[in-house]
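Residue numbers (our numbering): 1 to 84.
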Amino acid sequence: MKWTNQLKIAIIENNELKIEELLTELPQFDSLEQMKEAAYMMQEAHTLLNKEKNILTSKLLKIKKQKEFLNSSIRHQSSFDQSH
Numbered sequence: 001m002k003w004t005n006q007l008k009i010a011i012i013e014n015n016e017l018k019i020e021e022l023l024t025e026l027p028q029f030d031s032l033e034q035m036k037e038a039a040y041m042m043q044e045a046h047t048l049l050n051k052e053k054n055i056l057t058s059k060l061l062k063i064k065k066q067k068e069f070l071n072s073s074i075r076h077q078s079s080f081d082q083s084h
């Protein structure tokens, strides 16, 4: 299968591992048209990976805030605990 077709499929499937694999194995292109198509697909892959990175960053921040809240709740609750 042609490299650009494989990259298109990986982008459609949001297959980050396959995208990374394909980007590390760039083929020789026979024409300027193939190079342009590959460059366009690489830009699409870059856009997708940035979107996924932003989603992951957002999730990590939410987890961090929840962890901080739980830790502060535990500290606050233990300061009222007179059973010790």
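Just so you know, even glycine gets a beta-carbon here, dropped at the ideal spot from N, CA and C.
Computed from a predicted model, the values in this text were never measured in an experiment.
What whole-angstrom Cβ distance do residue i and residue j have, given they're in contact under 8 Å?
{"i": "Leu49", "j": "Glu16", "result": "7 Å"}
{"i": "Glu44", "j": "Ile11", "result": "5 Å"}
{"i": "Leu70", "j": "Met42", "result": "Incorrect: roughly 42 Å between the Cβ atoms, too far for contact."}
Based on Cα-Cα distance, which residue from the options lies nearest to residue i?
{"i": "Glu21", "options": "Ile9, Phe69 and Asn54", "result": "Ile9"}
{"i": "Asn14", "options": "Glu25, Lys51 and Gln66", "result": "Lys51"}
{"i": "Lys18", "options": "Pro27, Ser72, Leu7 and His46", "result": "Leu7"}
- Message: Using a Cβ distance threshold of 8 Å, determine whether the stretch 25-38 contacts the stretch 3-12, with at least three qualifying pairs required.
- Response: Judged by pairs of C-beta atoms under 8 Å, the stretch 25-38 touches the stretch 3-12, as three or more such pairs exist.
Beta strand (DSSP E) segments (min. 3 residues) lying fully within the stretch 22-53: As summarised for the stretch 22-53, there are no continuous beta strand (DSSP E) elements at least 3 residues long confined to that stretch.
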